[in-house]
Amino acid sequence: MAQVSAQKCSLCDENNGVYYCYECQHALCTACRNRHDITDVVKEERENAEENIEKLKLKTETLSSLEEKIRREHIENLHAERKTCIGHIESVSKNLQEYIAAKSSIKISEVEDKETTEKQNFEAFLENSDLIKKRYVNILSELENLLLEKHDIPFHLGYI
Numbered sequence: 001m002a003q004v005s006a007q008k009c010s011l012c013d014e015n016n017g018v019y020y021c022y023e024c025q026h027a028l029c030t031a032c033r034n035r036h037d038i039t040d041v042v043k044e045e046r047e048n049a050e051e052n053i054e055k056l057k058l059k060t061e062t063l064s065s066l067e068e069k070i071r072r073e074h075i076e077n078l079h080a081e082r083k084t085c086i087g088h089i090e091s092v093s094k095n096l097q098e099y100i101a102a103k104s105s106i107k108i109s110e111v112e113d114k115e116t117t118e119k120q121n122f123e124a125f126l127e128n129s130d131l132i133k134k135r136y137v138n139i140l141s142e143l144e145n146l147l148l149e150k151h152d153i154p155f156h157l158g159y160i
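Position 55 of the sequence shown, counted from 1, bears residue number 55 in the numbering used here, the numbering being contiguous throughout.
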C-alpha cells in the first residue's frame, strides 16, 4: 500500500491540511479554514481603515493650514503688538519722567523761594536787632556819661 504524505494544518499543527490557501501558501484543516476565511470582515476593516486614513489626511491638511495661518498672522501680529506695547511703555515712562522733572523743578523752586524768604526775614531781624543794639549802646553811653555828672541836679534832670 502506498503512503500519501499529508501536510499538517499550518495554524493548529494538529489536523491534516485538507485545504490550501494560495494567498498565504498554508495548508489548513476544516476548522481552521473557517477562521481563515475572513475576507468579508477584512474587506470591511480595510474600508474603515481607508476612511480613517482620509480623515487623518484631512486633519493633517487642516493642521498644516492652521500652522501656516499661525505663522503668517499670529506670530507677525504678536511681533507688532510687542512693538506697540513697548512704544506705549516708553511713552508713559517718558511722560512720567517729564511729570516728575516738572514737579521736582517746582518743589526745588519752592524750597529756594522759602530759603530766600527766610534769609530776608533773618536779615531784617538782624538789621532791626542791630538798630536796637545801637540805640541801647547810645542810651548806655548817655547813662554812663550821666553817672559821671558830679552835681545832683543835672544828674536828676538827665535821668528822668
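Ideal Cβ positions, reconstructed from N, Cα and C, are used throughout, including at glycine.
Under the three-state DSSP convention, the category residue i falls into
i           : result
residue 15  : coil
residue 20  : strand
residue 185 : The first residue shown for the chain is 1 and the last is 160, placing residue 185 beyond what the model contains.
residue 83  : helix
residue 162 : Only positions 1 to 160 of the chain appear in the structure, and residue 162 is not among them; the question remains open.
residue 37  : coil
residue 149 : coil
residue 70  : helix
residue 160 : coil
residue 155 : helix
Status (buried if at least 16 other CB within 10 Å, exposed otherwise) for residue i
i           : result
residue 126 : exposed
residue 27  : buried
residue 17  : buried
residue 2   : Below a pLDDT of 50, predicted positions are generally treated as unreliable, and residue 2, at 48, falls in that range; no measurement from the model is reported.
residue 14  : exposed
Cβ pair residue i, residue j closer than 8 Å
i           : j           : result
residue 9   : residue 24  : no
residue 146 : residue 136 : no
Proximity to residue i [Cα-Cα], best of the options
i          : options     : result
residue 30 : 12, 45, 129 : 12
Quick check for students: name the residue ranges of the beta strand (DSSP E) that lie wholly in the region 90-117, counting only runs of 3 or more. none
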